[in-house]
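Here the structure is laid out as structure tokens; the discussion comes afterwards.
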Amino acid sequence: MAATIKGTDVEVPLAPTALRFMNENDDERFLANAAQLASAVQRLGLRPDDEVLDVGCSIGRLATGLMVNTDFRGRYVGFDVMPRQVRWARRHLAPIAEGYHFRHIDVRNDRYNPGGALEAEDVTFPARSDGFHVAVLFSIFTHFYKEDVDRYLRELRRVLRPGGRVIATWFLYDEDSYEAALTSAYPMVHRLDDVTIYNDPDDPLRAIAFDEGHVRAQVAAAGLEIELVEYGRWNGGPGPEWQDLMVLRRPEDPPPSFLDRVKGKVRRTFSRG
Ligand SMILES: C[S@@+](CC[C@H](N)C(=O)[O-])C[C@H]1O[C@@H](n2cnc3c(N)ncnc32)[C@H](O)[C@@H]1O
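The working numbering applies: residue 10 is where the sequence shown begins, and numbers increase by one.
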């Protein structure tokens, strides 16, 4: 099934099925899911000229959706811990559209990159500070331990522009929704600690859920604000997405104090000579 960059006849290659996840063995399903991701980020505020960071980009499913289904013409940077997926995206997607970049980082994740050289807790994103309008994490925190979420939230704060936003999906529970998590599409019947439950005893990172109060505290500690929470359909919530979704915002920087303004003026006067 051929797909093209919107408004052109430039063909968008689709990754071999061996590199895809989530049983997306047929191209139609893969493209439908890619379109769905792109439409979600647009619905939640991505503008055509923005700079967007795709954390855990894999083979570039979101990038594919942006190319095929939207008028996005800004800058896209994706990174991931799986070398083959990133290599494929870099070879096949980056050359066909300007402004798309894919990077690999060798970070350990028990499910996706168990031999990784770096711990997630020590990661610095391959992305400059204050650079991005939007950062996207689709199905990333649903495969992370809470300590790694802490580090990633702090890095997100660093790379966002003031006022920039994070769009991230989760599996969340609280006192009211705990029972629903136990009987959800991924019954979260195992407990790791007082704020973490998970589905598969042999592979905790297959699907992991966090206490919402804990996540809210982590977000605040990282210097981000919660702008929106949508409860997904995985445990019977209203959606529209399958997983729970949060939009986080880096607050605008405070205006410079009177003293800072005076110091700036003095510096400018002397540097003029
Ligand atoms: C379920 S897949 C989702 C991929 C992509 N976001 C999408 O929706 O198509 C989870 C991804 O997270 C990536 N990942 C796992 N640990 C990571 C880490 N520490 N940093 C960045 N990506 C990571 C995996 O390699 C995998 O590609």
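Cβ coordinates follow ideal geometry from the N, Cα and C atoms, glycine included. From a predicted model like this one, the values you see are computed outputs, not experimental measurements.
- Going by DSSP, V228 is part of the alpha helix (DSSP H) stretching over 221 to 230.
- When C-alpha distances from R166 are compared across A27, M10, P260, the shortest belongs to P260.
- Listed as beta-bridge partners of L127 by DSSP are V116.
- Spatial neighbours of A218 in its own chain (CB-CB distance under 6 Å, excluding positions within 5 residues in sequence) are listed in chain order as F180, Y182, A190, M197, I206.
- The stretch 265 to 280 and the stretch 238 to 250 do not touch, with fewer than three beta-carbon pairs separated by less than 8 Å.
- The residue among N122, R56, R96 with its C-alpha nearest the C-alpha of R82 is R56.
- Assignment of F141 by DSSP, reduced to helix, strand and coil, places it in the strand class.
- Taking the Cα positions, E130 is about 15 Å away from G65.
- In the same chain as A216, and ignoring 5 residues on each side of it, the C-beta atoms closer than 8 Å to its own belong to T151, H152, F180, Y195, M197, Y207, N208, D209, in chain order.
- The DSSP-derived three-state label of V50 is helix.
- Every beta strand (DSSP E) stretch that sits fully inside the stretch 34 to 106 and reaches 3 residues is listed by chain position as 60 to 64, 84 to 89.
- Taking the Cβ of G65 as the reference point, at least one heavy atom of ligand 1 falls within a distance shorter than 7 Å.
- DSSP places D202 in the strand class (E or B) of the three-state scheme.
- Taking E250 as reference, the option from A49, T17, A24 with the minimal CA-CA separation is A49.
- The continuous beta strand (DSSP E) containing A177 extends over residues 169 to 179.
- Note on the stretch 231 to 266: whole beta strand (DSSP E) runs with a minimum of 3 residues are 234 to 239, 253 to 258, in chain order.
- Residues of the same chain with a CB within less than 7 Å of the CB of E60, apart from the 5 flanking positions on each side, are G83, R84, G140, F141, H142 in chain order.
- Setting aside the 5 residues that flank it on each side, K15 is surrounded in the same chain by M76, V77, N78, T79, D80, each with a C-beta closer than 8 Å to its C-beta; the list follows chain order.
- Between F134 and V168, the gap from beta carbon to beta carbon is short of 8 Å.
- Taking all protein chains in view, the Cβ of T192 is surrounded by fewer than 16 other Cβ atoms within 10 Å, so the residue is classified as exposed.
- In the DSSP assignment, A189 falls within the alpha helix (DSSP H) that extends over 187 to 191.
- Secondary structure at L23: coil, using DSSP grouped into helix, strand and coil.
- The three-state secondary structure of F150, taken from DSSP, is helix.
- Taking every protein chain shown into account, the CB of E164 has 16 or more other CB atoms within 10 angstroms, so this residue is buried.
- Assignment of Y161 by DSSP, reduced to helix, strand and coil, places it in the helix class.
- Inclusion of S138 and Q94 in the CB contact set at 8 Å is not warranted, their separation being larger than that value.
- Of all alpha-carbon atoms in G69, Y109, A103, the one lying nearest the alpha-carbon of M91 is that of G69.
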